[in-house]
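Numbering (the UniProt record's numbering), first residue to last: 1 to 338. Note sheet for the following structure.
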């Protein structure tokens, strides 16, 4: 079947090819009624502008890209990313933008996508997650000149604007709460060590534990999966000086940790207090419900999308600090009984 062209749309809508081009590319020069009629005809004919032609014309794609270095199967069990994407979609759809989500196996593949998207004008800008210290993606995007917003701390964002929250403040709140409950042996099951936000949490955990005199504090590295969280918990609870409280860097690992504690006969919260980061509906449905560090992740996504659209429009954009996660105490934490 012949692919529809601008000439086909112009003929059916009863306008010139120039008017069709103006309407499809969102440019002034046609009335709202004419634009609506042209877009309706284009939709009916299932017309899709060629990306190379759009690049030559300098037209916007009205698409923003997001790449994630993780297996597609993990998204269904990652409440953080589901809520983040929900917030992104909410703001983007208000401005008739679409989100292009691309799962990648590694850094080189991700960089290749940025170059292809830019050269073919497939996206107008990108969002960058899981940023690392000295992240090569930041330098690559700076060189390309492709509008980009980092969802992560400013220290790892280079010249790119970012949306971030103060993870150090949240970590201090969690540790101080556990210490106030009488816990002296506090452990942490951390996320991927290379991530910039993980490094911030690790430094904050170590710093507040030192300040409070929690000499047996320890961080065990994991990768956010339930399997790694379970392994780390078994290792910690098998020690002679096992912790009486554990902070997990995400809710999935915390759920796995609670399961392991049940398997080993360690009572929660009687013998072990558990804190999850971030909060999710799953945390509230468990028995006991998990104490968690809570923030509005959807609003975080809305803000990131808002800044990226401003950058695409050529407006000055500054990094924005969101509200940090705050503790929501529930049944998985309790005062330690000597």
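Think of the CB as a built atom: it goes at the ideal place given N, C-alpha and C, for glycine as much as any other residue.
Going by DSSP, residue 265 is part of no alpha helix (DSSP H) at all; its letter is neither H nor E.
Counting along the chain, residue 306 sits inside the alpha helix (DSSP H) bounded by residues 297–312. Beta bridge pairing from DSSP links residue 100 with 65. Non-local beta-carbon contacts of residue 172 in its own chain, meaning distances under 7 Å to residues more than five positions away in sequence, involve 204, 208 in chain order. Fewer than three beta-carbon pairs drawn from the segment 215–232 and the segment 152–167 are found closer than 8 Å, and the two stretches are therefore not classed as touching.
In this structure, DSSP gives residue 34 a helical state, which the three-state scheme calls helix. In the structure shown, residue 318 adopts coil according to DSSP, grouped into three states. Out of 238, 315, 131, 111, the CA that lies nearest to the CA of residue 261 is found in 238. A distance below 8 Å separates the beta carbons of residue 301 and residue 86.
In terms of CA proximity to residue 283, 77 leads the group 46, 22, 62, 77. Within the segment 189–215, the runs of alpha helix (DSSP H) that reach at least 4 residues and sit entirely inside it are, in chain order, 196–212. Comparing alpha carbon positions, the residue from 118, 67, 89 closest to residue 130 is 67.
Contact between residue 325 and residue 295 holds: CB atoms are separated by about 4 Å, below the 8 Å threshold.
8 Å or more divides the Cβ of residue 196 from the Cβ of residue 166. DSSP lists 187, 274 as the bridge partner or partners of residue 246. Under DSSP, residue 149 shares a beta bridge with 127.
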